[in-house]
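When we follow this note's numbering, the leftmost residue of the sequence shown carries the number 8, and every step to the right adds one.
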Amino acid sequence: MNPLALMIFLLSLAIGTTITLSSYHWILAWVGLEINTLAIIPLMTKIPHPRAIEAATKYFLTQAAASALVLFSGLINAWQTGEWNIDSVSDLPMNALSIALMMKLGLAPLHFWMPEVLQGISLSTGLILSTWQKIAPMTLLLQTSHLINLDLTIILGLTSILVGGWGGIGQTQLRKIMAFSSIGHLGWMIIVLKFNPSLTLFNFILYIVMTASMFLSLMTLTTTKMSEISTSWSKTPTLTASTLLILLSLAGLPPLTGFAPKLLITLELVKQDATLLAALIMLASLLALFFYLRLTYIVSLTLPPNTPNSFSFWRTSNKSLPITAIMNTLALIFLPLTTTLLIFL
8 MNPLALMIFL LSLAIGTTIT LSSYHWILAW VGLEINTLAI IPLMTKIPHP
58 RAIEAATKYF LTQAAASALV LFSGLINAWQ TGEWNIDSVS DLPMNALSIA
108 LMMKLGLAPL HFWMPEVLQG ISLSTGLILS TWQKIAPMTL LLQTSHLINL
158 DLTIILGLTS ILVGGWGGIG QTQLRKIMAF SSIGHLGWMI IVLKFNPSLT
208 LFNFILYIVM TASMFLSLMT LTTTKMSEIS TSWSKTPTLT ASTLLILLSL
258 AGLPPLTGFA PKLLITLELV KQDATLLAAL IMLASLLALF FYLRLTYIVS
308 LTLPPNTPNS FSFWRTSNKS LPITAIMNTL ALIFLPLTTT LLIFL
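Written out as structure tokens, the structure reads:
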């Protein structure tokens with residue numbers, strides 16, 4: 008892609024998110040979401056392949072439907088209350104708005120577009136779709152967290168955790184694995200959204216760090232399938248090992264970074280007398296833990312060929328960027344500092 012066009016699209020992504028973050032009016036928030044959607048579609052189709060075109064079409068249709076629902080709920084709210092403020096939303100428009108924003112995020116049962124779209128695009132665009140594109144809808148949910156229906160968040164959160172674990176079992180394509188991982192993590196965030204919005208924000212920040220580090224590692228290894236990771240030991244053993252550890256961090260195993268949000272969310276639910284809900288989401292997350300462990304230990308370490316055919320160990324052509332090392336470090340050993348981060352939220 009032309010560097011000038013790429014810079015314009017990336018700048019449009021930044022402007023769209025900034026407009027939504029700084030808006031106090033539903034029309035401005037909707038405009039920011041639309042700019043975000045339209046700016047990423049050319050990035051999806053920069054590789055002229057039928058799967059990329061299909062992914063961009065699916066993404067456009069689902070995001071356009073969700074944006075229309077956002078605008079419709081804003082109109083209904085203005086008709087009922089006479090205000091366009093984000094903070095003043097009545098019950099009926101709030102339910103429609105919550106469903107629209109959750110559809111933009113890819114929460115179950117509105118998740119069907121997410122694995123297919125992520126599988127059809129490049130890793131770099133997948134990184135943007137899994138991290139940056141979720142900032143604006145999540146911010147709107149955080150701003151309206153005191154108005155959201157509690158039953159809706161619990162049902163969609165539980166469904167997302169189950170779908171994120173169940174859908175990932177049997178997958179060997181890394182982009183689909185990351186899609187189902189994203190669905191499961193968003194389920195954890197939505198469940199605690201009504202109880203403690205700052206904890207949702209904390210979980211979202213760590214999710215972005217872990218997902219970005221995983222995608223950056225895969226981009227450096229130029230890997231899209233689990234079978235390709237097993238052959239990368241001879242090329243970049245350190246990066247391959249850290250990639251597998253990031254998978255375990257995404258699963259939420261101690262003492263890695265991903266353990267912090269699961270621990271704190273479980274403690275918050277117990278504190279709110281939702282012990283049964285905490286037990287349910289911990290049991291549901293065992294599905295995700297199973298496929299992460301299976302992929303890490305069985306597929307990556309035992310799938311042949313584990314050694315190259317030639318005797319000379321060649322290295323990858325593209326060099327690892329410093330940001331990859333920084334993000335990998337944060338995704339693995341940030342656990343002792345997470346409480347400090349939580350104080351500032």
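For glycine and all other residues, C-beta sits at the position ideal for the given N, C-alpha and C. Nothing here was measured: the structure is a model prediction, and the numbers come from that model.
| Check | Outcome |
| --- | --- |
| Same chain, Cβ closer than 6 angstroms to A73, neighbours up to 5 away in sequence not counted | A107, M110 and K111 |
| Closest Cα partner of L117 within the set E41, R301, G194 and I42 | G194 |
| 8 angstroms Cβ shell around M217 - same chain, five flanking residues per side excluded | I253, S256, L257, T264, G265 and A338 |
| C-beta atoms of S80 and P49 nearer than 8 angstroms | no |
| Spatially closest choice to A6 from M121, S29 and P329, by CA coordinates | Residue 6 is absent from the structure shown; the chain starts at 8 and stops at 352. |
| Residues of its chain near G133, where Cβ-Cβ distance is below 8 angstroms and the 5 sequence neighbours each way are ignored | L125, R182, M185 and F222 |
| Cβ pair count under 8 angstroms reaching 3, the segment 266 to 275 against the segment 153 to 160 | no |
| Own chain, CB closer than 7 angstroms to M226, minus 5 neighbours either side, in chain order | L130 and S131 |
| Assigned exposure category for L213 - 16 Cβ within 10 Å defines buried | buried |
| Cβ distance (whole Å) where S188 is taken to contact G175 below 8 angstroms | 7 angstroms |
| DSSP state of K232 mapped onto helix, strand, coil | strand |
| Straight-line Cα distance separating I236 from T331 | 17 angstroms |
| Exposure of G89, with buried meaning 16 or more beta-carbon neighbours within 10 Å | exposed |
| Sequence-distant residues of the same chain with beta carbon closer than 6 angstroms to P144, five excluded per side | L108, K111 and L112 |
| Residue range of the alpha helix (DSSP H) that includes N102 | D98 to L112 |
| Minimum length 4: unbroken alpha helix (DSSP H) runs contained in the segment 181 to 250 | 181 to 198, 204 to 228 and 233 to 237 |
| Sub-8 angstroms separation of A267 and G171 beta-carbons | no |
| 8 angstroms Cβ cutoff met for W86 and I34 | no |
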